[in-house]
Amino acid sequence: MAELDDAADLFEADVLVIGGGTAGPLAAYKAKSANPGLKVVLLEKANVKRSGAIAIGMDGLNNAVVPGFATPEQYVREITIANDGIVYQKAVLAYAMRSFDMIRELDDWGVKFQKDENGDYDVKKVHHLGSYVLPMPEGGGVKKILYRQLRKAQVLISNRYMATRLLKASDGRIAGAVAVNSRTAGVLVIRAKAVILATGAAGRLGLPASGYLWGTYENPTNSGDGYAMAFHAGAELTNLECYQINPLIKDYNGPACAYVGGPFGAYTANSRGARFIECDYWSGQMMLEFRKELEGGNGPVFLKFDHLADETISEVEGILHSVERPSRGLFHEGRGDNYRRDMVEMHISEIGFCSGHSASGVWVDEHARTTVPGLYAAGDMASVPHNYMLGAFVNGAIAGEDAAVAAASTELQSYDPQDVETERARMRRLLDNKDGLPANQVEYKIRRFVNDYLQPPKITRKYEIAQKRFAEIREDLQRIVARDPHELMRALEVHSILDCADMAAAASLFRTESRWGLYHYRVDYPEQDDENWFCHTQLFKDERGAIALKKRPVDPYVVPLESGEKGAYQRLRIPAPV
Amino acid sequence: MSFAENPSEFPVKIDQGKCIADKGCTVCVDVCPLDVLRINPETGKAHMRYDECWYCLPCQLDCPTKAVTVTIPYLLR
Numbered sequence: 001m002a003e004l005d006d007a008a009d010l011f012e013a014d015v016l017v018i019g020g021g022t023a024g025p026l027a028a029y030k031a032k033s034a035n036p037g038l039k040v041v042l043l044e045k046a047n048v049k050r051s052g053a054i055a056i057g058m059d060g061l062n063n064a065v066v067p068g069f070a071t072p073e074q075y076v077r078e079i080t081i082a083n084d085g086i087v088y089q090k091a092v093l094a095y096a097m098r099s100f101d102m103i104r105e106l107d108d109w110g111v112k113f114q115k116d117e118n119g120d121y122d123v124k125k126v127h128h129l130g131s132y133v134l135p136m137p138e139g140g141g142v143k144k145i146l147y148r149q150l151r152k153a154q155v156l157i158s159n160r161y162m163a164t165r166l167l168k169a170s171d172g173r174i175a176g177a178v179a180v181n182s183r184t185a186g187v188l189v190i191r192a193k194a195v196i197l198a199t200g201a202a203g204r205l206g207l208p209a210s211g212y213l214w215g216t217y218e219n220p221t222n223s224g225d226g227y228a229m230a231f232h233a234g235a236e237l238t239n240l241e242c243y244q245i246n247p248l249i250k251d252y253n254g255p256a257c258a259y260v261g262g263p264f265g266a267y268t269a270n271s272r273g274a275r276f277i278e279c280d281y282w283s284g285q286m287m288l289e290f291r292k293e294l295e296g297g298n299g300p301v302f303l304k305f306d307h308l309a310d311e312t313i314s315e316v317e318g319i320l321h322s323v324e325r326p327s328r329g330l331f332h333e334g335r336g337d338n339y340r341r342d343m344v345e346m347h348i349s350e351i352g353f354c355s356g357h358s359a360s361g362v363w364v365d366e367h368a369r370t371t372v373p374g375l376y377a378a379g380d381m382a383s384v385p386h387n388y389m390l391g392a393f394v395n396g397a398i399a400g401e402d403a404a405v406a407a408a409s410t411e412l413q414s415y416d417p418q419d420v421e422t423e424r425a426r427m428r429r430l431l432d433n434k435d436g437l438p439a440n441q442v443e444y445k446i447r448r449f450v451n452d453y454l455q456p457p458k459i460t461r462k463y464e465i466a467q468k469r470f471a472e473i474r475e476d477l478q479r480i481v482a483r484d485p486h487e488l489m490r491a492l493e494v495h496s497i498l499d500c501a502d503m504a505a506a507a508s509l510f511r512t513e514s515r516w517g518l519y520h521y522r523v524d525y526p527e528q529d530d531e532n533w534f535c536h537t538q539l540f541k542d543e544r545g546a547i548a549l550k551k552r553p554v555d556p557y558v559v560p561l562e563s564g565e566k567g568a569y570q571r572l573r574i575p576a577p578v
Numbered sequence: 001m002s003f004a005e006n007p008s009e010f011p012v013k014i015d016q017g018k019c020i021a022d023k024g025c026t027v028c029v030d031v032c033p034l035d036v037l038r039i040n041p042e043t044g045k046a047h048m049r050y051d052e053c054w055y056c057l058p059c060q061l062d063c064p065t066k067a068v069t070v071t072i073p074y075l076l077r
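For the record, the sequence lines run as chains A and B. So for the first sequence, full-length UniProt numbering puts the first residue at 1; every next one is plus one. So for the second sequence, full-length UniProt numbering puts the first residue at 1; every next one is plus one.
Here it is as structure tokens:
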């Protein structure tokens, strides 16, 4: 039986970055580069060398705003339309303005992007309107390159530490965080003048159709800890009802063809081999059409390569089987599938929160600031929509630079020691339990209920049942047995997963309309209702500690839409021949 | 403790003859994003301690002696 290390270590920093995946390393690097005198700490649950959503690299940029192909304003319009108009445009524009400079900086660091014969970036069109996809067939080494930069900048890296709760001063300003070591169960209190959350998506919310807990689209360590920490710290979260649901290979967590296969001529097809959507770019509307086809008479849905030349397919395989999800070839081999001969069956993923592909998350402005003073968020867990890897880099950079300025003019805040005690007691109980529930069974049950009741189409009564079941399971959380520090980490992750499930249910019930295609398709409110719901939904913790929601008006656009553009993503289905 | 021992086929297999963990190597343990690999104190070799695999392959790709083989977990095959 592992003991909680009661001699809590205390550590002081200027800027604390939580999460060493994609946004986190950039935040830490930029904070340190902006002001080398600052003590910048990067906390990571695994090891920064291989962690987060891009542990094994990335095969392309999905939102590159490259001069000659697109302007920042065009990009802002596309993302606004793809999200049914509910975006905080200033944050999207802040990303778009820095997108190209970030590509060039990554290029200087050694990240390889596809270039044409003139040495220019080889941008492809995948989106409905503009061209933003820049392939990275040799993008496997991204994490190692980032790691090198972090070492060069002398960022302090703490691997194997899982942050579990944020600490605040009595005036509401951020004061630091509590973390626990996943190997020793040692508790660490980190005081910091600014804290940047970059803990990735809530990827372990729904259960993959296979029932395998770890077969998620997102890296399963991205268990929604950041959403839970932000909520408990009193930050506002936005549009959590806008779920992430992705088209994937059936039973394999690899994305389908849009960004990699699309530019080579591959496409999403029905069982007759026919296209049914105009555009394979992932959006809620696209997913709604995907689901209709999947469940309809022409279903299921397939990824179609078999019409392409052998050498083209070999080139695509060279990318798909080596970068981002390199075990994909092994999976196809096991089932005897070959892109040259077979269409590959596709399916829709489990639900999750992830602004990388949708529009939900911890609310941030154009400086990556949350609603808690001194607390920032970036990457998949922050609310800048359709942000992907490049957005995580850029918004991480924005957060790091702003936090460096804030830290230089702030003192360390005092926190309430009782908050640390409460957190310590939460952990100690799990380690002290001699008898009780294994974390994986509690997790399985939560996630199965998420599938049974929360997966769209959303039905009010089912959501109410889910809330009842989740409340029952909340009683079980303290009965989880953690036999060692690793199991303690998993048990604490299950706590975050239940928090996220509760937030998903509450946010979905609040918005009594349908929006974002499949992401928020409410069967008993099937129409989009702009009169009442053209707004963000802000979720926060009320004074009783319960989930509360309110509306936030959409800020006036800084990039107006052109007439006729608005409905573009509503017209994705290919019309039936007359 | 009332936990049952359930049999499971581990997706990560380590060739004990090739593994050099007993010479101080911890590469696979370090790079696993899910932190499920450990050095077995009895054999001095790496092994899969927790059955929680994302079949993402850093352990296999980064192993200096090619001792690690990852298979797709049975439930997904």
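The beta-carbon is built from N, C-alpha and C at its ideal position, and this holds for glycine as well.
Using a C-beta cutoff of 7 Å, does A/I56 count as contacting chain B? The residue you call residue 56 of chain A lines up with position 56 of the first sequence. At least one chain B Cβ lies under 7 Å of A/I56.
Does DSSP classify A/I574 as helix, strand or coil? By 1-based counting over the first sequence, the position of residue 574 of chain A is 574. Three-state result, A/I574: coil.
Measure the alpha-carbon distance for A/E278 versus B/L37 and round it to whole angstroms. By 1-based counting over the first sequence, the position of residue 278 of chain A is 278. By 1-based counting over the second sequence, the position of residue 37 of chain B is 37. If I take the Cα positions, the gap works out to 45 Å.
Flag this pair as touching only if the region 440-450 of chain A and the region 42-61 of chain A have three or more C-beta atom pairs under 8 Å; answer yes or no. Here the region 440-450 of chain A makes no contact with the region 42-61 of chain A; the two share fewer than three CB pairs at distances below 8 Å.
Assess, as a yes-or-no matter, whether the region 86-98 of chain A is touched by the region 412-430 of chain A under the definition of 3 or more beta carbon pairs within less than 8 Å. no
Any C-beta of chain B under 7 Å from that of A/L430: As a first step, residue 430 of chain A is located in the first sequence; it is residue number 430 there, counting from the start. With respect to chain B, the C-beta atom of A/L430 has no partner C-beta closer than 7 Å.
Against chain B: residues of the region 331-363 of chain A by CB proximity under 8 Å: F331, G334, R335
Chain B residues whose Cβ lies nearer than 8 Å to that of A/S51: Along the first sequence, one-based indexing puts residue 51 of chain A at 51. What A/S51 touches in chain B: P33.
Applying the criterion that 16 or more other CB atoms from any shown protein chain within 10 Å of the CB defines a buried residue, is A/M1 buried or exposed? The count along the first sequence starts at 1 and reaches residue 1 of chain A at position 1. Any answer about A/M1 is weak, because its pLDDT of 46 lies below 50 and its placement is not dependable; what the coordinates show is given next. Exposed: under 16 other Cβ atoms inside 10 Å.
May I ask you to report which of helix, strand or coil DSSP gives A/E464? Position 464 of the first sequence, counted from the start, is the residue given in the question as residue 464 of chain A. Helix.
Alpha carbon to alpha carbon, how far is A/R522 from A/D380? Give it in angstroms, no decimals. Within the first sequence, residue 380 of chain A is the residue found at index 380, counting from 1. Within the first sequence, residue 522 of chain A is the residue found at index 522, counting from 1. Approximately 24 Å between the Cα atoms of the pair.
With a cut-off of 7 Å, does the C-beta of B/L57 fall near any C-beta of chain A? Stepping through the second sequence from its first residue, residue 57 of chain B is reached at position 57. Yes - at least one Cβ of chain A is within 7 Å of the one on B/L57.
Nearest-angstrom Cβ-Cβ length linking A/H128 and A/Y281, presumed shorter than 8 Å: Taking the first residue of the first sequence as position 1, residue 128 of chain A is located at position 128. Taking the first residue of the first sequence as position 1, residue 281 of chain A is located at position 281. Confirmed, about 6 Å.
Residues of the region 195-228 of chain A with a CB closer than 9 Å to any CB of chain B: list them in chain order, please. P208, S210, G211, Y212, L213, W214, G215, T216, N219, P220, T221
For A/N47, which residues in chain B fall below 7 Å Cβ to Cβ? To locate residue 47 of chain A, count along the first sequence from 1; it is residue 47. Per Cβ cutoff of 7 Å: D30, V31.
In the DSSP assignment, find the unbroken alpha helix (DSSP H) run with A/M229 in it and report its ends. The residue you call residue 229 of chain A lines up with position 229 of the first sequence. 225-232 is the span of the alpha helix (DSSP H), which, as asked, contains A/M229.
Could you please tell me which residues of the region 246-263 of chain A, in chain order, have their CB closer than 9 Å to any CB of chain B? D251, Y252, N253
Determine, using beta carbons only, whether B/C25 and B/C59 come nearer to each other than 7 Å. Reading the second sequence from its first residue, position 25 is the one you call residue 25 of chain B. Reading the second sequence from its first residue, position 59 is the one you call residue 59 of chain B. Cβ atoms of B/C25 and B/C59: not closer than 7 Å.
Please name the residue, chosen from B/M48, B/T43, B/G44, that lies closest to B/L34 on a Cα-to-Cα basis. For the purposes of this step, residue 34 of chain B is taken as residue 34 along the second sequence, with counting starting at 1. Closest by alpha carbon: B/M48.
Give every residue of the same chain whose Cβ lies closer than 8 Å to the Cβ of A/K541, excluding the five residues on either side of it in the sequence, and list them in chain order. Sequence index remark: in the first sequence, residue 541 of chain A carries index 541 (1-based). Within the same chain, Cβ atoms closer than 8 Å to the Cβ of A/K541 are found at F231, H232, G234, I547, A548, the five residues on either side in sequence being excluded.
Should B/I14 be flagged as near chain A, meaning a C-beta pair shorter than 7 Å? Mapped onto the second sequence, residue 14 of chain B falls at position 14. Not one chain A Cβ lies under 7 Å of B/I14.
Quick one: is B/P11 buried, meaning 16 or more other Cβ sit within 10 Å of its Cβ, or exposed? Walking along the second sequence from the start, residue 11 of chain B turns up at place 11. Buried, since its Cβ has 16 or more Cβ neighbours within 10 Å.
Closer than 7 Å at the beta carbon, the chain B residues around A/H486: Numbered from its first residue, the first sequence carries residue 486 of chain A at position 486. Simply D35, Y50.
For A/E475, does the count of other Cβ atoms within 10 angstroms reach 16, so buried, or fall short, so exposed? In the first sequence, residue 475 of chain A corresponds to position 475, counting from 1. Exposed.
On the DSSP bridge assignment, give the partners of B/H47 in chain order. Translated into the one-based positions of the second sequence, residue 47 of chain B becomes position 47. B/H47 pairs with B/R38.
Which class does A/S158 belong to by DSSP, given the choice of helix, strand or coil? The count along the first sequence starts at 1 and reaches residue 158 of chain A at position 158. Strand at A/S158.
Mind checking whether the beta-carbon of A/D101 lies closer than 6 Å to any heavy atom of the ligand MG? Annotation note on the ligand MG: not contained in the displayed structure, which lists no ligands.
Contact the region 250-267 of chain A vs the region 517-533 of chain A: 3+ CB pairs below 8 Å: The region 250-267 of chain A, when compared against the region 517-533 of chain A, does not touch it at the 8 Å Cβ threshold.
Starting from the C-beta of A/Y557, find all residues in its chain whose C-beta is less than 6 Å away, skip the five residues before and the five after it, and write them out in chain order. For this step, residue 557 of chain A is matched to residue 557 along the first sequence. Excluding five sequence positions before and after A/Y557, the CB atoms of its chain that fall closer than 6 Å to its own CB belong to Q89, given in chain order.
Is the separation between the beta-carbon of A/V155 and that of A/K45 shorter than 7 Å? Translated into positions along the first sequence, residue 155 of chain A becomes position 155. Translated into positions along the first sequence, residue 45 of chain A becomes position 45. Judged by beta-carbon spacing, A/K45 lies beyond the 7 Å limit of A/V155, meaning their Cβ atoms are not closer than that value.
Beta carbon of A/I480, beta carbon of A/I446: below 7 Å? On the first sequence, residue 480 of chain A is found 480 positions in, with the first residue counted as 1. On the first sequence, residue 446 of chain A is found 446 positions in, with the first residue counted as 1. Contact: no.
Taking all protein chains shown into account, do 16 or more other C-beta atoms lie within 10 angstroms of the C-beta of A/H307, making it buried, or fewer, making it exposed? Position 307 of the first sequence, counted from the first residue, corresponds to residue 307 of chain A. A/H307 comes out exposed.
Rounded separation between A/P560 and A/L93 - CA only: Along the first sequence, one-based indexing puts residue 560 of chain A at 560. Along the first sequence, one-based indexing puts residue 93 of chain A at 93. So the alpha carbons of these two residues sit roughly 12 Å apart.
Rounded to the nearest angstrom, how far is the Cβ of A/S349 from that of A/V384, given a contact under 8 Å? Start at 1 with the first residue of the first sequence, and residue 349 of chain A comes out as number 349. Start at 1 with the first residue of the first sequence, and residue 384 of chain A comes out as number 384. A/S349 to A/V384, Cβ: 21 Å. No contact.
Proximity below 7 Å, CB of A/A507 to CB of A/T460: Position 507 of the first sequence, counted from the start, is the residue given in the question as residue 507 of chain A. Position 460 of the first sequence, counted from the start, is the residue given in the question as residue 460 of chain A. Contact: no.
Assign A/G273 to one of two classes, buried (16 or more other C-beta atoms within 10 Å of its C-beta) or exposed (fewer than that). For the purposes of this step, residue 273 of chain A is identified with residue 273 of the first sequence, where counting begins at 1. Exposed.
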